[in-house]
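**Q**
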Amino acid sequence: MTVFDNWVITAVNNPGGAAGISLGDMGTVVCGSNTGSGNILISWDNWSGGHNGNGFCGCPVTSLTDSSGWYVACGLISREHGYVFSDSFYTGDTTHWD
3 MTVFDNWVIT
13 AVNNPGGAAG
23 ISLGDMGTVV
33 CGSNTGSGNI
43 LISWDNWSGG
53 HNGNGFCGCP
63 VTSLTDSSGW
73 YVACGLISRE
83 HGYVFSDSFY
93 TGDTTHWD
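Under the working numbering, the residue at position 45 of the sequence shown is numbered 47, and the numbers go up by one with no gaps.
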C-alpha cells in the first residue's frame, strides 16, 4: 500500500468509528501518521463525514481540501475484496470478510 493508492476498500463497516462508510466502500490513501491506533489517512469516495487530516500528515500531502478523510488501522482496509492487511483478518476468500 502506498500514498495515492486509489483502490483501497474498507473491510468492515464504520472503520475506526467513521459512521456512514460501509464494507466495500472505496477510497484513496493520503498519508500515514504515527498518532493513535488509526494511522492511515484515507480520503473516502463520496463521503464527507470526516475531516481534512487534522494536520497530522507529513509529505507529500499535509491536509485534504474537504472532509472526506478518516484515519484507520491497516487491518481495516484492503486492496481488493477478500484480502486485508492484518494477518488476523486475512482469509483469501473473496466471498467472506472475516
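Quick reminder that beta carbons are idealized off the backbone N, C-alpha and C, glycines included.
Source: prediction; values computed, not measured.
From N54 to C33, what distance separates their C-alpha atoms?
**A** Here residue 54 refers to the residue found at position 52 when the sequence shown is read from its first residue. Here residue 33 refers to the residue found at position 31 when the sequence shown is read from its first residue. Going by the C-alpha atoms only, they are around 12 Å apart.
**Q** Near G52, which residues of its chain fall below 8 Å by C-beta distance, leaving aside the five closest residues on each side in sequence?
**A** Along the sequence shown, one-based indexing puts residue 52 at 50. Correct list, in chain order: A20, W46, S69, S70, G71 and W72.
**Q** Give me the DSSP bridge partner(s) of T67.
**A** Along the sequence shown, read from residue 1 onward, the residue named residue 67 stands at position 65. According to DSSP, which records beta bridges pairwise, T67 is partnered with nothing at all.
**Q** Once DSSP output is grouped into helix, strand and coil, what is the label at G19?
**A** Working through the sequence shown from its first residue, we reach residue 19 at position 17. G19 falls in the helix class under three-state DSSP.
**Q** Taking the beta carbon of C59 as the centre, do at least 16 other beta carbons fall within 10 Å, making it buried, or is it exposed?
**A** Here residue 59 refers to the residue found at position 57 of the sequence shown. So C59 ends up on the buried side.
**Q** Taking the alpha-carbon of I42 as reference, which of T30, V14, L25 and S24 has the nearest alpha-carbon?
**A** Position 40 of the sequence shown, counted from the first residue, corresponds to residue 42. The shortest Cα separation from I42 among T30, V14, L25 and S24 belongs to T30.
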